[in-house]
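Notes to accompany the following structure.
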Amino acid sequence: MTDIIKTENLTFAYPPDEGKEPVLALQGIDLSITQGSFTVVLGHNGSGKSTLAKHMNAVLLPGGGTVWVDGLDTANEELLIEIRRRVGMVFQNPDNQIVANVVEEDVAFGPENLGIPTPEIQARVSAALKAVGMEEFTLHAPHHLSGGQKQRIAIAGVIAMEPACIVLDESTAMLDPLGRREVLDTVKKLNREKNITIILITHHMDEAAMADRVVVMDGGRVVMDGTPQEILVQVEKLQAIGLAAPHTVELLHGLRQDGFDVPLDALGIQECADVITASFKS
Amino acid sequence: MKPIIRVENLTHTYGVNTPFCRNAVDHVSMEIMEGEFLGIIGHTGSGKSTLIQHLNGLLKPTSGRILLGEEDIWADPKRIRNVRFRVGLVFQYPEYQLFEETVYKDIAFGPKNMGLDEKEIDRRVRSALAFSGLGEELLDKSPFDLSGGQKRRVAIAGVIAMEPEVLILDEPSAGLDPAGRQSMLENIRNYHKEKGTTVVMVSHSMDEVAENVDRIAVLANAGVVMSGTPHQVFSRAQELLDVGLNVPQVTQVAMELKRQGLAIDPAVYTVADLRAALCALRGGIA
Amino acid sequence: MLKDITLGQYFPGNSLAHKLDPRTKILLTVLYIVTLFCARSFVSYGIVALLLATGVKVSGVAPKALVRGLKPILFIICFTAALNLLYTPGEVLASFWIFKITKEGIFTAFFMVLRITMLIMGTFLLTYTTSPIALTDGLETLLGPLKKAKVPVHELAMIMSIALRFIPTLIEETDKIMSAQKARGADFESGSLMQRAKALVPILVPLFISAFRRADELAVAMECRCYHGDAGRTKLHVLRYQARDYLVLAAYGIVLAAVLTLAHFGL
Chain E
1 MTDIIKTENL TFAYPPDEGK EPVLALQGID LSITQGSFTV VLGHNGSGKS TLAKHMNAVL
61 LPGGGTVWVD GLDTANEELL IEIRRRVGMV FQNPDNQIVA NVVEEDVAFG PENLGIPTPE
121 IQARVSAALK AVGMEEFTLH APHHLSGGQK QRIAIAGVIA MEPACIVLDE STAMLDPLGR
181 REVLDTVKKL NREKNITIIL ITHHMDEAAM ADRVVVMDGG RVVMDGTPQE ILVQVEKLQA
241 IGLAAPHTVE LLHGLRQDGF DVPLDALGIQ ECADVITASF KS
Chain A
283 MKPIIRVENL THTYGVNTPF CRNAVDHVSM EIMEGEFLGI IGHTGSGKST LIQHLNGLLK
343 PTSGRILLGE EDIWADPKRI RNVRFRVGLV FQYPEYQLFE ETVYKDIAFG PKNMGLDEKE
403 IDRRVRSALA FSGLGEELLD KSPFDLSGGQ KRRVAIAGVI AMEPEVLILD EPSAGLDPAG
463 RQSMLENIRN YHKEKGTTVV MVSHSMDEVA ENVDRIAVLA NAGVVMSGTP HQVFSRAQEL
523 LDVGLNVPQV TQVAMELKRQ GLAIDPAVYT VADLRAALCA LRGGIA
Chain R
569 MLKDITLGQY FPGNSLAHKL DPRTKILLTV LYIVTLFCAR SFVSYGIVAL LLATGVKVSG
629 VAPKALVRGL KPILFIICFT AALNLLYTPG EVLASFWIFK ITKEGIFTAF FMVLRITMLI
689 MGTFLLTYTT SPIALTDGLE TLLGPLKKAK VPVHELAMIM SIALRFIPTL IEETDKIMSA
749 QKARGADFES GSLMQRAKAL VPILVPLFIS AFRRADELAV AMECRCYHGD AGRTKLHVLR
809 YQARDYLVLA AYGIVLAAVL TLAHFGL
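Chain order of the listed sequences is E, A and R.
In this text, residue positions in the first sequence follow my numbering: the first is 1, and each later residue adds one.
In this text, residue positions in the second sequence follow my numbering: the first is 283, and each later residue adds one.
In this text, residue positions in the third sequence follow my numbering: the first is 569, and each later residue adds one.
Shown next, in the form of structure tokens:
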């Protein structure tokens, strides 16, 4: 399997305030993301997760170490367009990433910049809108849409560039539960049906359960890395770095202390209820 | 307990005489009790923002009345500013409304508008800062140099400093990470406990509301569809799901356990309660 | 409330006027203004009025909407009319105090009012039937040749379309900030002019900070979508003249020639 993104000993520091020592926001990250995978990056505010995300399509360039996107070194300025075409980025605030006044014009913005011929842009725009389930809004004005719909337009704008990977940098943080659900369902579908690599940066623990892989960051380092079943069950460790295990795990954790014979890694509602019922039957 | 705010048959219509005319709040009646911690829940477009902006007179009812104490808040429109001092409203993402050079001045903006003297303003600024969980070393800093979470606390302190009889917070934890969310809610809980004044918290997180409030009002389709203690509300979990709202994870597990045949109260909503219920059940079986 | 203001004056529709290429409409508007300034007599004004009426009819825009658009400049119209009426020398018809009303004055005033009204109505017809995007697009293409003279046509068009995109967002934001400061007892409605100006600070500071933050985030988002200026850029919709555009322009050419001829003979 090929790696779409690979970092090697990546470090980065933001320019410090006057008279202060620079603080490393990333302290040596070694990470490989497999093409077609669904990875959730968790961490509290200031853990370095957004800084890491911004290295994945050369919005930020490494202070030290290297980042490769599909084998291309992001520090090479000549490759910039190629890199950004391969890795699309969706940001937190839906209002601040929509460029045009009409939905279809906005989705077309990326392909227009890439110099794609007009007939193909038109085909890509309608395919992208269809992929995010927003085709009926083609001619709408974006500011009349809900937060979740705006984020889906932003995702369509990225898909229209036909990327190999989409990075969602806290794209669900400002949405209500319905909007979050819309966005998560959309990226899950893109991952499954189009084999697009998804990297979802978030601090919502329940979003981690749907991933193939969970990477937890703290203090500019990767501190945990594994499947959701491996990571989300570590109740104390997650709490210690300002995160919280899902309530299902917390419940199972408590029940084990009460002497119940239940596994910890039944993350979903259904699974959790199943193992509890089973423990009563045995 | 007696009501401090009474909403009587409130309707608010946006865009009168345009094709976009619609009722954001439609014939709503409700009471907010003195000293209670009320949670208002509903998703975007359910009318909750419109409702709370009526409680402090930012919006004027199209029809119906808002009573604060015994008085219609619009009885004398010239005194509506007084209502805003008595019913403090913290908007969603309030950190984007900071504007002063220092944290101190920003928090003092409300008390100053009330016409208080310097000494009283100083007392209030310091007390509000403490309630919102910030240290006095921040007072002389520019609010724009603070972290996102700190900014939000300064903005909340700016409303608390008016020492309102009712404090309304719209999504105070939106966008914060788990630790930030928890400490924000703890601060609000403490404020309610120590001040003993009425607190209304608007949220779309069921878990958050369930763990903190005395009473929940559920808004959907421009009206109040349910209200009661968390236990009463979650015992009607299916109706909540039907209007597109979530139910706390624990309640969902309990509902599923009940469905699978365990004798569990499906309306429990905290991990501790469900744990206790399961232990009791096992005790009964053993 | 601010939210209730409708921005841009575009009325979506499907008429011939809506379907014309924006460039055609911009050209027509320019030609129309030229015609209007060439008109000297009742006959030529009559022709222009007929043109305008045809335009209104074809566009399907309610004449009421056009008249409503005149309201904000009613004062200017009246003022110009009064000046022309009172200060044009010629055959005196009536006089009082220091004013003299002349026959020429009445004519000039009348034509002046006609000219301004028809000018405004004509340009409104353009904005009523053309979406802001089509308008920007049309202008960018029409002014394209200026790029050779190092005029940043693409950049200006981009700035204009982003501004159009963010106006509703910022209006909503202003509304929210105003409400939030009012909730803290801010008073925007009373006090002296100075006090009122000062009361705007709590709105303007957050608004500007937010606008800058948005600009910053938008710039990064645009870069991420491979924006690198005009070079090698293609378009979703390419403007293409249709047969109807040539026909309308040709027809207009004939009208313009007629008015110019009339003007030549002093009519």
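Glycine is no exception: its CB is placed at the ideal position from the N, C-alpha and C atoms.
As the structure is a prediction and not an experimental result, all values here were calculated from the model.
Would a check of beta-carbon distances place residue i closer than 9 Å to chain A?
{"i": "residue 755 of chain R", "result": "yes"}
{"i": "residue 769 of chain R", "result": "yes"}
{"i": "residue 143 of chain E", "result": "no"}
{"i": "residue 778 of chain R", "result": "yes"}
{"i": "residue 745 of chain R", "result": "yes"}
{"i": "residue 748 of chain R", "result": "yes"}
{"i": "residue 575 of chain R", "result": "With a pLDDT of only 42 at residue 575 of chain R, under the threshold of 50, the placement of this residue in the model should not be trusted, and no figure is reported."}
{"i": "residue 104 of chain E", "result": "no"}
Write down the C-beta distance between residue i and residue j rounded to the nearest angstrom, noting that I regard them as a contact closer than 8 Å.
{"i": "residue 534 of chain A", "j": "residue 269 of chain E", "result": "5 Å"}
{"i": "residue 355 of chain A", "j": "residue 448 of chain A", "result": "12 Å between Cβ atoms; not a contact."}
{"i": "residue 322 of chain A", "j": "residue 499 of chain A", "result": "5 Å"}
{"i": "residue 121 of chain E", "j": "residue 804 of chain R", "result": "5 Å"}
{"i": "residue 685 of chain R", "j": "residue 645 of chain R", "result": "7 Å"}
{"i": "residue 224 of chain E", "j": "residue 216 of chain E", "result": "4 Å"}
{"i": "residue 377 of chain A", "j": "residue 434 of chain A", "result": "5 Å"}
Determine the chain R residues that contact residue i at a beta-carbon separation under 8 Å, and present them in chain order.
{"i": "residue 148 of chain E", "result": "Near residue 148 of chain E there are no residues of chain R at all, since even the closest Cβ is about 17 Å away, more than 8 Å."}
{"i": "residue 38 of chain E", "result": "Here the premise fails: no neighbours, minimum Cβ distance about 21 Å."}
{"i": "residue 444 of chain A", "result": "752, 753"}
List, in order along the chain, the chain E residues whose C-beta lies closer than 9 Å to that of residue i?
{"i": "residue 550 of chain R", "result": "Because chain R spans 569 through 835 in this model, residue 550 of chain R falls outside it and cannot be assessed."}
{"i": "residue 790 of chain R", "result": "97, 99, 109, 113"}
Measuring straight from C-alpha to C-alpha, what distance separates residue i and residue j?
{"i": "residue 369 of chain A", "j": "residue 11 of chain E", "result": "49 Å"}
{"i": "residue 416 of chain A", "j": "residue 439 of chain A", "result": "9 Å"}
{"i": "residue 332 of chain A", "j": "residue 307 of chain A", "result": "7 Å"}
{"i": "residue 385 of chain A", "j": "residue 338 of chain A", "result": "25 Å"}
{"i": "residue 235 of chain E", "j": "residue 273 of chain E", "result": "19 Å"}
{"i": "residue 536 of chain A", "j": "residue 548 of chain A", "result": "5 Å"}
{"i": "residue 52 of chain E", "j": "residue 694 of chain R", "result": "49 Å"}
{"i": "residue 661 of chain R", "j": "residue 647 of chain R", "result": "21 Å"}
{"i": "residue 538 of chain A", "j": "residue 82 of chain E", "result": "50 Å"}
{"i": "residue 712 of chain R", "j": "residue 587 of chain R", "result": "22 Å"}
{"i": "residue 792 of chain R", "j": "residue 168 of chain E", "result": "12 Å"}
{"i": "residue 527 of chain A", "j": "residue 518 of chain A", "result": "12 Å"}
{"i": "residue 297 of chain A", "j": "residue 163 of chain E", "result": "42 Å"}
{"i": "residue 97 of chain E", "j": "residue 801 of chain R", "result": "19 Å"}
Answer with yes or no whether the minimum CB distance from residue i to chain E is below 9 Å.
{"i": "residue 438 of chain A", "result": "no"}
{"i": "residue 736 of chain R", "result": "yes"}
{"i": "residue 800 of chain R", "result": "yes"}
{"i": "residue 751 of chain R", "result": "no"}
{"i": "residue 586 of chain R", "result": "no"}
{"i": "residue 721 of chain R", "result": "no"}
{"i": "residue 730 of chain R", "result": "yes"}
{"i": "residue 332 of chain A", "result": "no"}
For residue i, return the contacting residues in chain A, with the cut-off set at a CB-CB distance below 9 Å.
{"i": "residue 773 of chain R", "result": "380, 381, 382"}
When the cut-off is 9 Å and only beta carbons count, does residue i lie next to chain R?
{"i": "residue 128 of chain E", "result": "no"}
{"i": "residue 556 of chain A", "result": "no"}
{"i": "residue 180 of chain E", "result": "no"}
{"i": "residue 134 of chain E", "result": "no"}
{"i": "residue 345 of chain E", "result": "Outside the modelled stretch of chain E, which goes from 1 to 282, sits residue 345 of chain E, for which no answer is possible."}
So, with DSSP's three-state summary, where would you put residue i?
{"i": "residue 475 of chain A", "result": "helix"}
{"i": "residue 400 of chain A", "result": "helix"}
{"i": "residue 259 of chain E", "result": "coil"}
{"i": "residue 100 of chain E", "result": "coil"}
{"i": "residue 692 of chain R", "result": "helix"}
{"i": "residue 663 of chain R", "result": "strand"}
{"i": "residue 128 of chain E", "result": "helix"}
{"i": "residue 355 of chain A", "result": "coil"}
So which residues on chain R does residue i lean against when the C-beta distance must stay under 7 Å?
{"i": "residue 392 of chain A", "result": "752, 753"}
Run down chain A in chain order and give the residues with a C-beta less than 8 Å from the C-beta of residue i.
{"i": "residue 246 of chain E", "result": "531"}
Residue i versus chain D: which residues are under 8 Å apart at the beta carbon?
{"i": "residue 304 of chain A", "result": "The question asks about chain D, but that chain is absent: this structure's protein chains are E, A and R."}
Starting from residue i, find everything on chain E with Cβ-Cβ shorter than 8 Å and list it in chain order.
{"i": "residue 325 of chain A", "result": "176, 177, 178"}
Show which residues of chain A have a CB atom less than 7 Å away from the CB atom of residue i.
{"i": "residue 273 of chain E", "result": "535, 538, 539, 542"}
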